[in-house]
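Chains as they are written, first to last, in the working numbering: chain B, 1 to 98; chain U, 101 to 198.
Input: a single structure, listed below in structure tokens.
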DNA sequence: CAGTATCCGTATCGATACTG
DNA sequence: CAGTATCGATACGGATACTG
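Structure follows, in structure tokens:
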């Protein structure tokens, strides 16, 4: 309770948004990109972001078939903020870059 | 482990930095401002922020005596980022404003 | 490929009491 | 006023197994 910013602040979420920004759109891509995340956790994060309107999940029936996650306008705005956070991190937190 | 951005992301921390930004500098002020936080938790957050160089703690021997927390340059930079987060929140998260 | 189900361990928070 | 000490509760993440 009293979670200041809803979904933002959960572990992995910021990294996730940032990876989405970088063009990763498939479950497996994200899973690989976020080293150490487990599928159940990733699934939960994606769902939470979807529920809060940050991204859309769309199932493609193309070739190859699959699932894609794409940012909404809200997600786009968030990505900008996330960028600022990471910039701060890399500038001021020598160790905790990535 | 693998906590993306160190101290940023812990509960209360963002609100705390923002309140510091707004001029709150005393323990009791912050405790009152962050409704629902408990002194032990606040103490821990302040210590973590101090350790990571976001703020300085200085004990004043003036009249009245007391303790003050003031942001460092790093904290100043963080405050700007935090501002962006909250702006995003108020713009895109109707419910979860403050 | 893209997830869901389940269980467990612990980090973190909440709450109260107490102190220099 | 500005904290520290302590302890219990639980939410969350980690890990593994399994499925449409």
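Just so you know, even glycine gets a beta-carbon here, dropped at the ideal spot from N, CA and C.
>> Within the continuous beta strand (DSSP E) that includes residue 34 of chain B, where are the two ends?
In response: Start at 1 with the first residue of the first chain, and residue 34 of chain B comes out as number 34. Run containing residue 34 of chain B: none; DSSP gives neither H nor E here.
> What is the rounded straight-line gap between the Cα of residue 179 of chain U and the Cα of residue 65 of chain B?
Replying inline: By 1-based counting over the second chain, the position of residue 179 of chain U is 79. By 1-based counting over the first chain, the position of residue 65 of chain B is 65. Those two C-alpha atoms are separated by around 44 Å.
> Do you know whose CA, among B/6, B/74, B/49 and B/40, lies nearest residue 115 of chain U's CA?
Replying inline: On the second chain, residue 115 of chain U is found 15 positions in, with the first residue counted as 1. It is B/6 whose Cα lies nearest to the Cα of residue 115 of chain U.
>> Residues of chain U with CB closer than 7 Å to the CB of residue 48 of chain B, please, in chain order.
In response: In the first chain, counting from the first residue as 1, residue 48 of chain B sits at position 48. The premise fails here: residue 48 of chain B is roughly 13 Å from chain U at the closest Cβ pair, so nothing lies under 7 Å.
> Are there three or more Cβ pairs, one per stretch, closer than 8 Å when the region 72-91 of chain B is compared with the region 172-192 of chain U?
Replying inline: yes
>> Against chain B, with Cβ distances strictly below 7 Å, would residue 184 of chain U count as a contact?
In response: For the purposes of this step, residue 184 of chain U is taken as residue 84 along the second chain, with counting starting at 1. For residue 184 of chain U, the answer is yes, since a Cβ of chain B falls inside 7 Å of its Cβ.
>> Taking its Cβ as the centre, do 16 or more other Cβ atoms sit within 10 Å of residue 13 of chain B, making it buried, or is it exposed?
In response: One-based indexing of the first chain puts residue 13 of chain B at position 13. By the 10 Å Cβ count, residue 13 of chain B comes out buried.
> Closer than 7 Å, CB to CB, is residue 166 of chain U near chain B or not?
Replying inline: Along the second chain, read from residue 1 onward, the residue named residue 166 of chain U stands at position 66. Answer no: the Cβ-Cβ gap between residue 166 of chain U and chain B never drops below 7 Å.
> Can residue 33 of chain B and residue 10 of chain B be called in contact, C-beta distance under 7 Å?
Replying inline: In the first chain, counting from the first residue as 1, residue 33 of chain B sits at position 33. In the first chain, counting from the first residue as 1, residue 10 of chain B sits at position 10. In this structure, the beta-carbon distance from residue 33 of chain B to residue 10 of chain B does not fall below 7 Å.
> Hey, quick one: how far does the alpha helix (DSSP H) through residue 93 of chain B stretch, first residue to last?
Replying inline: Working through the first chain from its first residue, we reach residue 93 of chain B at position 93. Unbroken run through residue 93 of chain B: none, as it is neither H nor E.
> Checking contacts by CB at 7 Å: is residue 144 of chain U closer than that to chain B?
Replying inline: As a working note, residue 144 of chain U is residue 44 in the second chain. Answer no: the Cβ-Cβ gap between residue 144 of chain U and chain B never drops below 7 Å.
>> Please classify residue 98 of chain B as buried or exposed, where buried requires at least 16 neighbouring CB atoms within 10 angstroms.
In response: Sequence index remark: in the first chain, residue 98 of chain B carries index 98 (1-based). Any answer about residue 98 of chain B is weak, because its pLDDT of 41 lies below 50 and its placement is not dependable; what the coordinates show is given next. The residue in question, residue 98 of chain B, is exposed, as its Cβ has fewer than 16 Cβ neighbours within 10 Å.
>> Please return the same chain residues whose Cβ sits closer than 6 Å to the Cβ of residue 193 of chain U, not counting the five positions on each side in sequence.
In response: As a first step, residue 193 of chain U is located in the second chain; it is residue number 93 there, counting from the start. Result list for residue 193 of chain U: empty, nothing under 6 Å.
>> Just to confirm before moving on: does the CB-CB distance between residue 72 of chain B and residue 56 of chain B stay below 7 Å?
In response: The residue you call residue 72 of chain B lines up with position 72 of the first chain. The residue you call residue 56 of chain B lines up with position 56 of the first chain. Yes, these two residues count as a Cβ contact at 7 Å.
> Can you list, in chain order, the residues of the region 21-46 of chain B whose Cβ is nearer than 7 Å to any Cβ on chain U?
Replying inline: 36
> Who are residue 70 of chain B's beta bridge partners in DSSP?
Replying inline: For the purposes of this step, residue 70 of chain B is taken as the residue at position 70 of the first chain. Residue 70 of chain B is bridged to B/56.
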